[in-house]
Amino acid sequence: MAELGRAALLVTLGLAVYALVAGAAAAYLGRRRLALSAQNALTAASFSTLVASGVLLAALVRSDFSFSYVARTTSEALPLQYKISAFWGGQEGSLLFWLAILTACGALAVRLNRAWARDLIVWAVPVFAAVAVFFSFLVVVVASPFATQAAPLDGAGMTPSLQNPYMLAHPIFLYLGYVGLTVPFAFALGSLLSGRVDERWLVATRRWTLFAWAALGIGQLLGSHWAYVEVGWGGYFAWDPVENAALMPWLAATAFLHSVMIQEKRGMLRVWNILLVLLAFALALFGTFLTRSGILNSIHSFTQSSIGPWFLAFIALTVAVSLTLLFRRLPQLRSPTRLESPVSREAAFLYNNLLLLALCLTILWGVVYPILSEAVRGEAVVLGRAYYDFFLRIFGLPLLLLMGIGPLIAWRRASLQSLLTTFRWPTLVALVSGVVLLTLGAGSSIPGLIAYTFAAFVLTTIVLEFARGTRARMALGAGSWSGAFFSLLTRNRRRYGGYVVHASIVILAVGIAGSSAFDSVAEARLTRGDSMSIGDYTLVYQSLDERVASNATEIRATLGVSRGDRDLGTLEAGKNAYTVEAQLSNEVGIRSDLLTGEDLFVIAEQVDPDGTVYFRVFVKPLVNLIWIAGFVFVLGSLIALWPNAREQRRLIQRSSEIGLPATR
Amino acid sequence: MTLALVLAALLAVVCVVAVAFPFIREPEPESDSLHDLNDDERRRLELLEERDRALAALKELEFDHRTGTISDEDYRALLGPLRRDAANALRALEPDRAGTPPDKPETREGRPTGGRT
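In order, the protein sequence lines correspond to chains A and B.
Each residue of the first sequence is one higher than the one before, starting from 145 at the first, in my numbering.
Each residue of the second sequence is one higher than the one before, starting from 8 at the first, in my numbering.
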């Protein structure tokens, strides 16, 4: 069936080229049927890509090793779920996955916004198509997932660290995030091409940006948890280039989601918003390039390939075209208003934007520095953890504080008296928290203490906002507390969903500060019966077992764990020896204390033939708050993402008021 | 192999029909031109956005004042300009309904707005 896959991708390429050429011609010449035809081509491309994806999935599930891709990324013994995850685990498959999401998102975005932004869509379609042409060209010409060969008896298998349930979801979310950023980019470029630089492109893409941003955030958290439980080095984020690659577009999109409010409320930052969308999209492409080109050493780069130059050329072309268009439209992008005061909500959002962008560009510099240093000095110099941690504190701590300040200041300008009243309680709570934590010994890490104090400040502002809002809704006749609370959420989902997301970031910050600034580590080589201590914990090495699973031999050391006089049961840590892949992986042992959020984390670094094991043990306070923050983040994102029928009606009404015809 | 080629041909045909569908459905349409906004319509769209922006800002200010997030002092200072902005946008839209082009709204200082961000 490889022929069907190849043919389907060829059809996709043809349709994408048609949508690009016909779409551009229709927009330029003002031809209605041609524009509809181009939109249909985009939808059809989505269908043909789906067919190609189906062919590859079937080959993976059936272990059809006549497909080179299947033979390279899976084996007969690989469990079914990982055969499926191999679809996005290898280079060619992941590019096809990109294309499938891209065409589906493009077709859906066009369909959902047809009722009120048709004139804008006409110009967005060729942009979607241009991106689709690039990716379909890659999978047809450069890296086809349907290359065939004489089928070997078995495949090469999958990298052991990828054989983890998180790999079923983490890459999907990341790709949804990367590709989802194409939608705001296409509409932003469409608005520049058409000269319709009114706020419709923002409204058309706001939810898409939020969706892509939420998906990227969830993908990164899943990836962090995967690294924590699977990679086995004792952490969850290592400032690895590929981790940074996902973080950078997320930071740019975060900045955009804040600055877009300034444009909506005050008509300002029009050029800035387009630049942020462009940056987020270019960084999403750069992220895919980093992951797939193998240009940088990373624990996540599973491929070495020749697609790098293609990506770089496409990124350069995208940036050049976008900036040229932006420059041409500058006169139309003049803002009708100006910043009235440095103490106002828009100013706070602007500071937030500058800090986010500074952090994003600092990370970008850290990522490209090894490449640049190698090009200039012939030696790749890697900027280590200290570099990133330093800038995270410099930019991240003020950002944390601004999360509490920004939403509570008035638009336009705020008086000193007003600020004193608004921030009286949050400041008091923060100061008390800081003093209490200092007394409890949190002063061993000043950045950690500052993070906790700021977190207390922000959480208080959020709680106060919900309490005051609920009380106001009750006064407006919303009935009970629960009814008023629900009414508050549903009447302004973006605002209160945003607060929930802010709460998740605060919880995340507390988790990161606790687990990185206040953690402890102990190492020991133990024989059976030996014990070691860390903090209040005592671990006794009890036994070493070996068992055979379907695709690996599992070696596990069992440790008895106690805390003071309390027996906490046993913990297993060890290694898996993968037969087909001929590789070893660390399988860590984790004991979570759900009350304190603390983890006891055990790595069996080295298992000797005589049964001696070299253990490395961590105690990570509050680390589970990071994963809890993920759930809160999802909740906040869902609240903010929920469709707003009133807004849709208002937009359609506005379009009809200027005589934009309904879509056919 | 044969089945794959048949399926591929079928897929290609379906896609071609989908692409050609607008022309098949309307072989000889009354008008094939896209509606393009003229300068007046664009100006009107901008005014509608300004109107909606001002009204939404007023609504938010009222609610923030009610919750206590905005103090009385700030509320009084902001209410007037916001009302003026909303009134300006509404006034600028009015003449258009009588068939004349809308005015350019004025800022609080009475000058036309401008400036690049």
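Here a beta-carbon is modelled for each residue, glycine too, at the ideal position from N, C-alpha and C.
Are the CB atoms of A358(A) and S659(A) within a distance shorter than 9 Å? S659(A) places its beta carbon 9 Å or farther from that of A358(A).
Q | Sheet register partners of D743(A) (DSSP bridge) | A | In the DSSP assignment, the residues bridged to D743(A) are S736(A) and K764(A).
| Looking at L670(A) and V576(A), is the spacing between their C-beta atoms short of 9 Å? | A distance of 9 Å or more separates the beta carbons of V576(A) and L670(A).
By DSSP's criteria, F759(A) is part of a beta bridge. Which residues make up the other side? Partner(s): A668(A) and A748(A).
- request: Tell me R700(A)'s beta-bridge partners as DSSP assigns them.
  value: Answer by DSSP bridge pairing, in chain order: D689(A) and G718(A).
Check your understanding: So what's V404(A) in DSSP terms, helix, strand or just coil?
Key -> V404(A) falls in the helix class under three-state DSSP.
Along chain B, which residues have their Cβ under 9 Å away from the Cβ of Q561(A)?
Within 9 Å Cβ-Cβ: S78, E80 and D81.
Q. Just to check, is the beta-carbon of L354(A) closer than 8 Å to a non-hydrogen atom of the ligand ADP?
A. In terms of ligand content, the structure shown is empty, and the ligand ADP therefore cannot be addressed.
Practice item. Please go through the same chain and pick out, in chain order, the residues whose beta-carbon is closer than 6 Å to the beta-carbon of P551(A), but skip the five residues on each side of it. Key: Excluding residues within five positions, none has a Cβ falling inside 6 Å.
Requested in this report: List the residues of chain B that T566(A) touches, going by C-beta distances under 7 Å, in chain order.
Outcome: For T566(A), the chain B residues whose Cβ falls inside 7 Å of its Cβ are T76, in order along the chain.
### Query
Looking at chain B, which residues of the stretch 260-280 of chain A have a Cβ within less than 7 Å of any of its Cβ atoms?
Under the 7 Å Cβ criterion, the stretch 260-280 of chain A contributes D263 and V266.
Self-check item: Length of the line joining the Cα atoms of Y17(B) and V155(A)
Solution: It should be noted that the sequence gives Leu, not Tyr, for residue 17(B). If you take the alpha carbons of L17(B) and V155(A), they lie about 11 Å apart.
Mind the definition here: the stretch 283-298 of chain A touches the stretch 327-336 of chain A only if three or more C-beta pairs lie below 8 Å; say whether that holds.
-> Put simply, the stretch 283-298 of chain A does not touch the stretch 327-336 of chain A. Fewer than three CB pairs are less than 8 Å apart.
| request: Name the residue from E725(A), V684(A), E742(A) and V763(A) whose alpha carbon lies nearest to the alpha carbon of Q307(A). | output: Minimum Cα-Cα distance from Q307(A) among the listed residues E725(A), V684(A), E742(A) and V763(A) corresponds to E725(A).
Quick one: residues in its chain with C-beta nearer than 6 Å to the C-beta of V214(A), no 5 flanking neighbours on either side, listed in chain order?
-> Excluding its 5 nearest sequence neighbours in each direction, V214(A) has C-beta neighbours in its own chain below 6 Å: A203, L204 and D208, listed in chain order.
Query raised in the report: Which ranges would you report for the beta strand (DSSP E) in the stretch 600-672 of chain A if only whole runs of at least 3 residues count?
Result: Annotation: the stretch 600-672 of chain A contains the following complete segments of the beta strand (DSSP E) (minimum length 3 residues), in chain order: 664-670.
For this session: Identify every run of the alpha helix (DSSP H) within the stretch 292-376 of chain A, keeping only runs that are complete inside it and at least 4 residues long; order them along the chain.
Result: Counting whole runs of 4 or more residues, the stretch 292-376 of chain A contains the alpha helix (DSSP H) stretches 314-324, 326-338 and 344-370.
At what residues does the alpha helix (DSSP H) containing S675(A) begin and finish?
According to the DSSP assignment, S675(A) belongs to no alpha helix (DSSP H) but to the beta strand (DSSP E) extending over S675 to I678.
Give the interface partners of R211(B) over in chain A, defined as CB-CB distance under 9 Å, in chain order. Because chain B is modelled from 8 through 124, residue 211(B) falls outside the range shown and cannot be assessed.
Just checking: is the beta-carbon of R49(B) within a distance shorter than 9 Å of some beta-carbon in chain A? Closer than 9 Å: yes.
- prompt: Alpha carbon to alpha carbon, how far is E147(A) from L224(A)?
  reply: The alpha-carbon atoms of E147(A) and L224(A) are separated by roughly 24 Å.
Beta-carbon proximity list for S736(A), same chain, < 6 Å, skipping 5 on both sides: Same-chain partners within the cutoff: D743 and N768.
Handout entry: Cross-chain neighbours of E33(B) in chain A, by beta carbon under 7 Å
Key = Within 7 Å Cβ-Cβ: R177.
Determine the chain B residues that contact W555(A) at a beta-carbon separation under 7 Å, and present them in chain order. Chain B residues near W555(A): A64.
Notebook entry, point to check: Skipping 5 residues on each side, what residues in its chain have a beta carbon closer than 6 Å to that of A196(A)?
Noted result: Take A196(A), set aside five residues on each side of it, and the residues of its chain with a beta-carbon closer than 6 Å to its own are G149, A152 and L153, in chain order.
Please confirm whether R73(B) has its beta-carbon closer than 9 Å to some beta-carbon of chain A.
With 9 Å as the cut-off, R73(B) counts as an interface residue toward chain A.
task = Counting only runs of 4+ residues fully inside the stretch 166-230 of chain A, write out the alpha helix (DSSP H) ranges in chain order.
result = Segments of the alpha helix (DSSP H) lying fully in the stretch 166-230 of chain A: 176-205 and 212-217.
- Item | Residue burial classification, V705(A) (beta-carbon count within 10 angstroms, cutoff 16) | Answer is buried; the Cβ neighbour count reaches 16.
Can you pull the DSSP bridge partners for V684(A)?
By DSSP's assignment, V684(A) forms a beta bridge with S675(A) and G704(A).
Worksheet item: Within 10 angstroms of its Cβ, does S40(B) collect 16 or more other Cβ (buried), or is it exposed?
Response: Counting of Cβ neighbours within 10 angstroms places S40(B) among the exposed residues, the total staying below 16.
Check for me: the beta strand (DSSP E) holding Q727(A) runs from which residue to which? Segment Q727 to E731, the beta strand (DSSP E) holding Q727(A).
- Message: Using beta carbons (cut-off 9 Å, strictly below), is A84(B) in contact with chain A?
- Response: Taking Cβ atoms only, chain A reaches closer than 9 Å to A84(B), which makes this a yes.
| request: Check each candidate in A253(A), S212(A), L541(A) and W352(A) and name the one with the smallest Cα separation from Q293(A). | output: Comparing Cα-Cα distances from Q293(A) to each of A253(A), S212(A), L541(A) and W352(A), the minimum goes to S212(A).
task: Return the Cβ separation of F762(A) and V665(A) in integer angstroms, given the expectation that the two are a contact with Cβ distance under 8 Å.
output: 5 Å between Cβ atoms; contact.
Check your understanding: In terms of residues, what are the limits of the alpha helix (DSSP H) holding A64(B)?
Key -> Start and end: D46 to T74.
Quiz item: Taking all protein chains shown into account, do 16 or more other C-beta atoms lie within 10 angstroms of the C-beta of Q364(A), making it buried, or fewer, making it exposed?
Solution: Classification for Q364(A): buried.
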